[in-house]
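There are 2 protein chains.
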Amino acid sequence: MSRETAIPRRSLHDELVERLRGLIVEGDLAPGDKISEKELCTAYEVSRTPLREALKVLAHEGLVVLTPHRGAQVSKLTVADLEDAFPVIGALEALAGELACERATDGEISEITLLHLKMRTAWKNRDRAKYFRLNQQIHEALALAARNPVLDQMRGMLSGRVARARYYANISAVRWDQAMKEHEEIVAALKARDGGRLGRVLKAHLRHKLETLRAVIGD
Amino acid sequence: MSRETAIPRRSLHDELVERLRGLIVEGDLAPGDKISEKELCTAYEVSRTPLREALKVLAHEGLVVLTPHRGAQVSKLTVADLEDAFPVIGALEALAGELACERATDGEISEITLLHLKMRTAWKNRDRAKYFRLNQQIHEALALAARNPVLDQMRGMLSGRVARARYYANISAVRWDQAMKEHEEIVAALKARDGGRLGRVLKAHLRHKLETLRAVIGD
DNA sequence: ACTTTGCATTTTGAATGCAAAAAAGAATAC
DNA sequence: GTATTCTTTTTTGCATTCAAAATGCAAAGT
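These protein sequence lines map, in sequence, to chains X and E. Using the numbering used here, you'd call the opening residue of the first sequence number 122 and step up by one each time. Using the numbering used here, you'd call the opening residue of the second sequence number 122 and step up by one each time.
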């Protein structure tokens, strides 16, 4: 039996949390899917104990729903969830932006600028996948530059929870252009280290993102 | 086996999460304390499996630290943690305040006003414990009135993590009076349904709270 | 006396086992 | 043919067991 997929070495539940989160966020496990313990156990060749521990954590994170005696399923992503989550993400990112303006090193800022330029070319080439990935990287880098682990943890949790929505949302060309423009502003504000402005821009950016989703999913 | 202290009805791990969180937040388990699985198992008359599941969740929540093969301990509350957490809580509460101004029913507002009045008398009577409890209730009620479960979850997580600090902080009379004044403003802004103002006041309130803690804990 | 090494004990990580609850299926009544 | 109840199977929750890592201790060496 080939052992490629076997877990390398560290605590299994920890590894499993990461892998399962990946499966969910990447859409391999779709919202609403029932999660059979047995199935995953055989898939990853682990016993039920560490798997169950991992599921508990993911449930706490909001990615799966655990109903007693009825097992786990990937949490559905309702419009209401998005409506709730986005303002919170907006507030967190705004704070991250403010802090980043104070604390980011010049190196980090040019790093983010670089990512931004790459993203701009991806946008020009209409390369959705690459654009999306770079977009995420930029927001992560921004959160990192804020040097606030707590903030980063919260943001990561929520954005992971919401990232799945991108499979619903085939962003329109118009909105895409607008988002790109907003990103130009983001970088400009960061370079100017204007925390207040960056915070406002980020908040607006997230708000527009939600509006797009709302329109696409069809409220 | 005697069943009196046994957990009533629902999944054990869930119940355990709550109880252990209580122990930690209430200070019965002090920061830095080693958590022996065996000890807790006998205390609650459960086997290690659900207990371990609970510990995983709490670790994820940041209340305990899990080191592989070395067990769990109650996470310490460093000044750095507080410095990180408070701005985030501030941002979340500010958002909660803004939303509450839009969405709270008149009933909720008068409910909060009532809590506020009770808190004021507790303050007049120098009843720290009652003041603290009412203060927490007010902030919870505010978060509830925002009608955003995601926001509420995040806020609850962080404030639980930080609430333990109150055992360090013997609030000074001066700061106490200032906090009370800020609360007057909070209620005023809420009654006026002035979201922007409430947000700013809450942010400042949290900032001052942090400054107090910083002074009390040292450095 | 202090450090180091080997062994025993303890404690954790993961697997298996068992009982209860739910789901699925079969048989009967209508 | 449908609905209902009863049985069978599956799945989950928890306890127990097994294995490996870590800790404590004691004896030997410096």
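From the three backbone atoms N, C-alpha and C, an ideal C-beta is built for every residue, glycine too. Here the structure is a predicted model, which is why all the values come from computation and not from measurement.
Problem - Partner residues on chain X for Ser132 of chain E, Cβ-Cβ distance less than 7 Å - result: To locate residue 132 of chain E, count along the second sequence from 1; it is residue 11. Simply Pro189.
Problem - Assigned secondary structure, Val167 of chain E (DSSP; H/G/I helix, E/B strand, else coil) - result: The residue labelled residue 167 of chain E in the question sits at position 46 within the second sequence. The answer is coil: DSSP assigns Val167 of chain E none of H, G, I, E or B.
Exercise for the section: Take every Cβ of the segment 312-329 of chain X, pair it with every Cβ of the segment 133-152 of chain E, and state whether three or more of those distances are shorter than 8 Å. Expected result: no
Practice task
Could you tell me whether the Cβ of Glu182 of chain E comes closer than 9 Å to any Cβ of chain X?
Solution key: On the second sequence, residue 182 of chain E is found 61 positions in, with the first residue counted as 1. With 9 Å as the cut-off, Glu182 of chain E counts as an interface residue toward chain X.
Exercise for the section: Decide yes or no for the touch test of the segment 211-219 of chain X against the segment 314-330 of chain X: beta carbon pairs closer than 8 Å, at least 3 of them. Expected result: As far as the Cβ criterion goes, the segment 211-219 of chain X touches the segment 314-330 of chain X, which means the pair count is three or higher.
Problem - Residues that Asp248 of chain X contacts on chain E, provided the C-beta gap is smaller than 8 Å - result: Taking the first residue of the first sequence as position 1, residue 248 of chain X is located at position 127. The premise fails here: Asp248 of chain X is roughly 31 Å from chain E at the closest Cβ pair, so nothing lies under 8 Å.
Exercise for the section: Find out if the Cβ-Cβ distance for the pair Glu335 of chain E, Pro152 of chain E is shorter than 9 Å. Expected result: Taking the first residue of the second sequence as 1, we reach residue 335 of chain E at position 214. Taking the first residue of the second sequence as 1, we reach residue 152 of chain E at position 31. The residue you asked about is not Glu; residue 335 of chain E is Arg in the sequence shown. No, the Cβ-Cβ distance between Arg335 of chain E and Pro152 of chain E is not below 9 Å.
Exercise for the section: Classify Ile156 of chain E as helix, strand or coil using the three-state DSSP reduction. Expected result: By 1-based counting over the second sequence, the position of residue 156 of chain E is 35. DSSP places Ile156 of chain E in strand when its eight states are reduced to three.
Handout entry: Run of the alpha helix (DSSP H) containing Gly148 of chain X, from where it starts to where it stops
Key = For the purposes of this step, residue 148 of chain X is taken as residue 27 along the first sequence, with counting starting at 1. Here Gly148 of chain X belongs to no alpha helix (DSSP H), and DSSP marks it neither H nor E.
Practice task
Step through the CB atoms of chain X and report whether any lies within less than 9 Å of the CB of Ala127 of chain E.
Solution key: Position 6 of the second sequence holds residue 127 of chain E. Here the model assigns Ala127 of chain E a pLDDT of 32, short of 50, so the residue's position is not dependable and the matter cannot be decided.
Handout entry: Under 9 Å between C-beta atoms of Met301 of chain E and Arg241 of chain E
Key = Sequence index remark: in the second sequence, residue 301 of chain E carries index 180 (1-based). Sequence index remark: in the second sequence, residue 241 of chain E carries index 120 (1-based). In this structure, Arg241 of chain E lies closer than 9 Å to Met301 of chain E by Cβ.
Problem - Below-9 Å beta-carbon distance, Thr333 of chain X vs any chain E residue - result: The residue labelled residue 333 of chain X in the question sits at position 212 within the first sequence. No, because no Cβ of chain E sits closer than 9 Å to the Cβ of Thr333 of chain X.
Practice task
Determine, using beta carbons only, whether Glu136 of chain E and Gly281 of chain E come nearer to each other than 9 Å.
Solution key: The residue given as residue 136 of chain E occupies position 15 in the second sequence. The residue given as residue 281 of chain E occupies position 160 in the second sequence. No.
Problem - Contact with chain E by Ala264 of chain X, beta-carbon distance below 9 Å - result: What you label residue 264 of chain X is simply residue 143 of the first sequence in a count that begins at 1. No - not a single Cβ of chain E is within 9 Å of the one on Ala264 of chain X.
Handout entry: Leu327 of chain X versus Gln258 of chain E: straight-line alpha-carbon distance, rounded
Key = Residue 327 of chain X sits at position 206 when you count from the first residue of the first sequence. Residue 258 of chain E sits at position 137 when you count from the first residue of the second sequence. Leu327 of chain X and Gln258 of chain E: Cα-Cα distance of roughly 30 Å.
Problem - 9 Å Cβ cutoff, Pro152 of chain E in contact with chain X - result: One-based indexing of the second sequence puts residue 152 of chain E at position 31. No, Pro152 of chain E does not count as interfacial toward chain X.
Practice task
Would you kindly check if the distance between the Cβ of Ala262 of chain X and the Cβ of Glu232 of chain X is under 9 Å?
Solution key: Stepping through the first sequence from its first residue, residue 232 of chain X is reached at position 111. Stepping through the first sequence from its first residue, residue 262 of chain X is reached at position 141. Their beta carbons are under 9 Å apart, which means Glu232 of chain X touches Ala262 of chain X by this criterion.
Exercise for the section: Find out if the Cβ-Cβ distance for the pair Ala193 of chain E, Val186 of chain E is shorter than 9 Å. Expected result: By 1-based counting over the second sequence, the position of residue 193 of chain E is 72. By 1-based counting over the second sequence, the position of residue 186 of chain E is 65. Cβ atoms of Ala193 of chain E and Val186 of chain E: closer than 9 Å.
Handout entry: With 16 other Cβ atoms within 10 Å as the buried cut-off, status of Ser123 of chain E
Key = Taking the second sequence and counting its residues from 1, the one referred to as residue 123 of chain E is at position 2. Its pLDDT being 32, under 50, Ser123 of chain E is placed unreliably by the model, and the measurement read from it follows with that caveat. With fewer than 16 other Cβ atoms within 10 Å, it is exposed.
Handout entry: CA nearest to the CA of Leu184 of chain X, picked from X:Thr170, X:His190 and X:Thr199
Key = Taking the first sequence and counting its residues from 1, one reaches residue 184 of chain X at position 63. Closest option to Leu184 of chain X, Cα to Cα, is X:Thr199.
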